[in-house]
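Reading through the structure tokens given below for one structure.
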Amino acid sequence: KQEVTQIPAALSVPEGENLVLNCSFTDSAIYNLQWFRQDPGKGLTSLLLIQSSQREQTSGRLNASLDKSSGRSTLYIAASQPGDSATYLCAVRWSNFGNEKLTFGTGTRLTIIP
Amino acid sequence: GAGVSQSPRYKVAKRGQDVALRCDPISGHVSLFWYQQALGQGPEFLTYFQNEAQLDKSGLPSDRFFAERPEGSVSTLKIQRTQQEDSAVYLCASSLVAGELFFGEGSRLTVL
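Just so you know, the protein sequences line up as chains R and A, in that order. In terms of this note's numbering, the first sequence opens at residue 470 and continues consecutively. In terms of this note's numbering, the second sequence opens at residue 20 and continues consecutively.
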């Protein structure tokens with residue numbers, strides 16, 4: 470079964486620290502992987518999209534890496550700020566013929582302590 | 020439009036009522052998805068459209084759930100005879116084919 474797992478479910482770090490969020494997936498035959506941010510009561514905001522052929526993507530203080538062979542992706546946040554507090558979701562689009570949907574993990578709830 | 024728009028943002032229904040949730044995708048986006056998100060969980064796939072064609076409805080939990088996108092733009096998710104377990108946030112997303120997904124703010128359904 471194709472599944473996405475995010476551990477830990479919650480994480481608290483002091484402001485200014487660098488941090489890494491983890492995402493693992495059970496099948497390495499992926500088409501792409503997308504990281505989202507979700508604020509309470511809001512929809513999902515796309516952060517980074519990594520295609521299967523890519524190893525990493527960067528946007529500002531965010532860097533996402535992809536290692537298909539080990540079934541892992543990480544989201545690195547540099548110099549964390551209180552405004553980074555949110556739930557971070559990882560989602561995978563597998564490359565099965567005809568598959569378009571994303572399969573989500575349950576997310577990591579991040580709290581940045583001022 | 021500039022982003023994916025969903026309405027209503029909040030809906031309270033009595034058990035047994037029918038509800039309809041609307042999604043207006045980003046202009047030009049061929050693909051449209053509906054997801055269901057329970058509290059504290061990640062979104063769960065419900066159904067997918069490419070233009071007006073519903074290509075995957077494997078995630079719809081029962082035959083009380085029905086989705087349509089008749090002109091390949093606006094989509095409606097209809098839930099008949101609502102049950103308490105249908106209470107959730109219903110998220111709509113759109114994209115170019117196999118592209119980056121953009122989500123709306125969601126419709127929060129509470130069934131009493």
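We put the CB at the ideal spot given by N, CA and C, even for glycine.
Any chain R beta carbon closer than 8 Å to Glu-87(A): Not one chain R Cβ lies under 8 Å of Glu-87(A).
C-beta neighbour in chain R for Glu-19(A), strict 8 Å: As shown, chain A starts at 20 and ends at 131. That puts residue 19(A) outside it, with no answer to give.
Pair within 8 Å by beta-carbon distance, Lys-570(R) and Asp-75(A): Against a cut-off of 8 Å, the Cβ pair of Asp-75(A) and Lys-570(R) comes out as a contact.
Asp-82(A) in three-state terms, based on DSSP: The DSSP-derived three-state label of Asp-82(A) is coil.
Beta-carbon separation (whole angstroms), Arg-127(A) vs Arg-28(A), contact threshold 8 Å: About 7 Å separates the two Cβ atoms, so the contact holds.
Three or more C-beta pairs below 8 Å linking the stretch 42–49 of chain A and the stretch 91–100 of chain A: Because the criterion of three Cβ pairs below 8 Å is met, the stretch 42–49 of chain A and the stretch 91–100 of chain A touch.
Members of the stretch 78–109 of chain A near chain R, C-beta cut-off 8 Å: Under the 8 Å Cβ criterion, the stretch 78–109 of chain A contributes Gly-78.
Contact set between Gln-503(R) and chain A, taken where Cβ atoms lie within less than 7 Å: Ordered by position in chain A, the residues that pass the 7 Å Cβ test against Gln-503(R) are Glu-119, Leu-120.
Assigned exposure category for Gln-103(A) - 16 Cβ within 10 Å defines buried: Exposed, because fewer than 16 other Cβ atoms sit within 10 Å of the Cβ of Gln-103(A).
Distance, Ile-581(R) Cα to Phe-68(A) Cα: Going by the C-alpha atoms only, they are around 38 Å apart.
Under the three-state DSSP convention, the category Glu-90(A) falls into: Looking at Glu-90(A) - three-state DSSP - the assignment turns out to be coil, as it is neither helix nor strand.
is_contact[Pro-62(A), chain R] using C-beta, thresh 8 Å: Using a CB distance cut-off of 8 Å, Pro-62(A) counts as an interface residue toward chain R.
Alpha helix (DSSP H) segments (min. 4 residues) lying fully within the stretch 495–572 of chain R: Counting only runs of 4 or more, we get nothing.
Leu-115(A) beta carbon less than 8 Å from that of Ser-50(A): Yes, the Cβ-Cβ distance between Ser-50(A) and Leu-115(A) is below 8 Å.
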